[in-house]
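Keeping their order, the protein sequence lines are chains A and B. Going by the working numbering, the residue at position 391 of the first sequence is 485; the numbering climbs one at a time, nothing skipped. Going by the working numbering, the residue at position 134 of the second sequence is 196; the numbering climbs one at a time, nothing skipped. Yeah, the Cβ is synthetic: ideal placement off N, Cα and C, and Gly gets one too.
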Amino acid sequence: MKKNDKRYFGEFGGQFVSESLMNTLKELDLAYEAAIHDEAFLKQYDYYMKQYVGRENPLYFAENLSREYGTKIYLKREDLNHTGAHKINNVLGQILLAKRMGKKKVIAETGAGQHGVATATGAALFGMECTVFMGEEDMRRQELNVFRMKMLGAKVECVLSGSRTLKDATNEAIRTWAKTAEDTFYVIGSAVGPYPYPKIVKEFQSVISRESKRQILQAEGRLPDVVMACVGGGSNSIGMFADFIDEPSVKLIGVEAAGLGIETGKHASAMALGKPGTLHGMRSYLLQDDDGNIQVAYSVSAGLDYPGVGPEHACLKDSGRAAYVSVTDREAIEALMELCRLEGIIPAIESAHAIAFARKQAKHMREDEIMIVCLSGRGDKDVHTVADYMNSGMCRESSLDA
Amino acid sequence: MENRIEQKMQNLKTNKEKALITYMTAGLPDMAGSKALVKAQEQAGTDVLELGIPFSDPVADGPVIQNASCRSIQLGTNLKKVFAMMKELREEGAEIPVAFMMYYNTALHFGLEQFVEECISCGVDGLIIPDLPIEEQDDIKEALKKEGAPLLIELVSPVSGERIPEILEGARGFAYCVSGMGVTGQSGNFHRKLLDYLSEVKRVSKIPVMMGFGIEQAKDVAPVKDVIDGAIVGSHFIKLLEENDYKAEAARNYCSSFKKELNE
């Protein structure tokens, strides 16, 4: 890798793709840089963020949760966005860019289905043909989102290769893109992939921290002590961190999925046990076996079971600027139920991972300290998964009647 | 010692012959069977052998090679075993030039230095790494400076355009021209400007130009025969081996008739 290379975050990132995509990536980078410096483009993006997505969304002071956990907790309500998660912020940015580049078709990969739904939504809005790649296993777990994508006019391509989850859906999207890049735009949903994708996703998601910073200054007159978000590939977290990275007093915490427990090997914590490697066009921390094959990640949450992590997160970990921790399926589900009961908010299982760690982190905080947790999505899509989990008896709250 | 691939390219040029390069996934049907297939192809006149190192996420490959990779991994194939097989082949006198077709992470995980040392000691002559464009080659090129190290074969795509001179600058062995957009094994799905593109590569290149991806029969390359120096067959060859229970005889027949037809 080259030093001082804009394509890299420290030693992570780069463009590990086939030669046939290199010109496409260059074209994308040029188009993106032009767009992001064009007032008209930014105005258009802001317009859709406000009028279509419903931004800005609240930075909600969770009074009951704060009392229970013993520190001030604010929730950034990305769950209130149109389509129910932060994914739409990035999708509309990329689709506006695709239109600007004259592309007629979009493709996307999806895990939990939130990015797929957001892409299908954006494609419907702007009259583009949309194909979403989704692993068979995830299609089963997220049946409702599959149906939503179809209602929105997208074609859902069932991926049967490998682990049949997000990793393989991404492989298939990359293969299709390599074939069709001349007229097709690949809308990547997480802060992963070859340069310039991690940069683009971060830019469009950074609206989360831009708003949060303004809102917390207004509410508290000072910056938060801790900012926290869940990390799969790392899109909501990089957006939540973005405007706080240069504020050294703010502690940044990324929460990965520990699945059944890191020690069981059934987890999705690339930062905890991963080694640097290359996958999906980037060099980053990856879960790998002894031969350098990519391991199957596991989490109860379809949106977090990705065996890698975005390259900027890898860099933030190595530099020590952000801390990465993990919580288990069980802790996440318990936190999800706690948020339902204390605040009347049903979070996505992904976001519940951040809530679960908030409880742990709060033990080290004073009552007057402030923590912002990114509530990246709502849990409507997860109701079946939560019910199955509880009925399996793996949770303390083993039934809803308890 | 001169590199076997370069030596072969020189011989082909002298004899005015076009090259047949085949791809096979290492470890299928098993390690012993793979070894027998390499020997059979050497006898049948295959000029260079691409040995596929199976990887869990082969994004440049279509379904045939994906499935072959997956099966091979399940059978326990890994880089260490393939190196051991290569060593045996060389000790048993096989001189066919061999290039590893692999994804970057496999080498990276093994450790680039150590990987190159093993390649040297086991007689690996070339590396084809489809997810390593020129922008990312600095590290491996550094490791490949060792005496007797394999050549890094450069890939060119139909949309490489202005990148072609930069890609081929200092390239050795042969230029691997991908016939179309996308992945391996899309039979006959060649790029609409295939002839123009190959002609351009041929014009710029100081080394032989080979075409791969989607080729099944020698006649598939007939329309571009004048601007290429050989053909690479991958997915179709794997399919053929599968249909014939990986019998060495099937490989031998296919390779010898392809090679003959290519040079008619």
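- At least one CB atom of chain A sits nearer than 8 Å to the CB of ASN167/B.
- Under the three-state reduction of DSSP, ARG133/B is assigned to helix.
- In the DSSP assignment, ARG460/A falls outside any alpha helix (DSSP H) and carries neither an H nor an E.
- Residue state for ALA179/A is assigned as strand, using DSSP reduced to three classes.
- Between ILE302/A and GLU172/A, the gap from beta carbon to beta carbon is short of 8 Å.
- Within the stretch 167-196 of chain B, the residues whose Cβ lies closer than 9 Å to some Cβ of chain A are ASN167, THR168, ALA169, LEU170, HIS171, PHE172, PRO192, ASP193, LEU194, PRO195 and ILE196, listed in chain order.
- What VAL218/B touches in chain A, judged by beta-carbon distance under 7 Å, is GLU113, going in chain order.
- For the stretch 361-381 of chain A, the beta-carbon criterion of a distance under 9 Å to any beta-carbon of chain B is satisfied by LYS369, PRO370, GLY371, THR372, LEU373, HIS374, GLY375, ARG377 and LEU380.
- HIS176/A and ILE282/A have their C-alpha atoms roughly 19 Å apart.
- Assigned with DSSP and collapsed to three states, THR246/B falls in coil, not helix or strand.
- With a cutoff of 8 Å on beta-carbon distance, GLY292/B and GLY276/B are scored as not near each other.
- Residues of the stretch 134-163 of chain B that bring their beta carbon within less than 9 Å of a beta carbon in chain A comprise ILE135, THR139, ASN140, LEU141 and LYS142, in sequence order.
- Comparing alpha-carbon positions, the option among ALA134/A, ILE294/A and TYR400/A lying closest to ASN184/A turns out to be ILE294/A.
- Scanning GLU231/A, VAL250/A, LYS198/A and ARG258/A for the CA closest to the CA of MET222/A turns up LYS198/A.
- With a threshold of 8 Å between beta carbons, GLN128/B makes contact with chain A.
- VAL186/B sits buried, since 16 or more C-beta atoms from the chains shown fall within 10 Å of its C-beta.
- Flagged as an interface residue toward chain B: SER255/A, by a C-beta distance shorter than 8 Å.
- Scanning chain B for C-beta atoms nearer than 7 Å to the C-beta of PHE110/A yields TYR166, ASP193, LEU194 and GLU198, reported in chain order.
- If you check the CB distance, GLU64/B and ILE83/B do not come in under 8 Å.
- Among the residues of the stretch 99-126 of chain B, those with a Cβ less than 9 Å away from any Cβ of chain A are PRO116, PHE117, SER118, ASP119, PRO120, VAL121, ALA122, ASP123, GLY124 and PRO125, in the order of the chain.
- Within the DSSP secondary-structure output, PRO370/A pairs in a beta bridge with TYR379/A.
- For THR225/A, the beta-bridge partners assigned by DSSP are ILE201/A and LYS249/A.
- Under the Cβ distance rule, MET243/B counts among the residues neighbouring chain A, one pair being separated by less than 8 Å.
- Here GLU150/B has LYS97 as same chain residues with Cβ atoms under 8 Å from its own Cβ, once five neighbours each way along the sequence are excluded.
- One Cα belongs to CYS468/A, the other to VAL349/A, and the distance between them is close to 11 Å.
- For SER297/B, the nearest beta carbon of chain A is not closer than 8 Å to its own beta carbon.
- Restricting attention to alpha helix (DSSP H) runs no shorter than 4 residues, the stretch 298-364 of chain A encloses them at 301-314 and 329-335, ordered along the chain.
- For LEU174/A, the three-state secondary structure derived from DSSP is helix.
- With respect to the 8 Å criterion, GLU406/A and PHE220/A are not classified as neighbours on the basis of their beta carbons.
- Judged by DSSP secondary structure, TYR238/B falls within the beta strand (DSSP E) whose first and last residues are 237-240.
- Taking 8 Å as the cut-off, the beta carbon of PHE106/A is found no closer than this to the beta carbon of TYR166/B.
- In this structure, the alpha-carbon of GLY229/A lies about 33 Å from that of ALA161/B.
- When Cβ pairs closer than 8 Å are counted between the two stretches, the stretch 436-453 of chain A is seen not to touch the stretch 140-148 of chain A, the count staying below three.
- By the rule that beta-carbons nearer than 8 Å mark a contact, ASN98/A does not touch chain B.
- The alpha carbon of ASP423/A has as its nearest neighbour, out of VAL250/A, LEU381/A, GLU444/A and ASP474/A, the alpha carbon of GLU444/A.
- ARG269/A sits buried, since 16 or more C-beta atoms from the chains shown fall within 10 Å of its C-beta.
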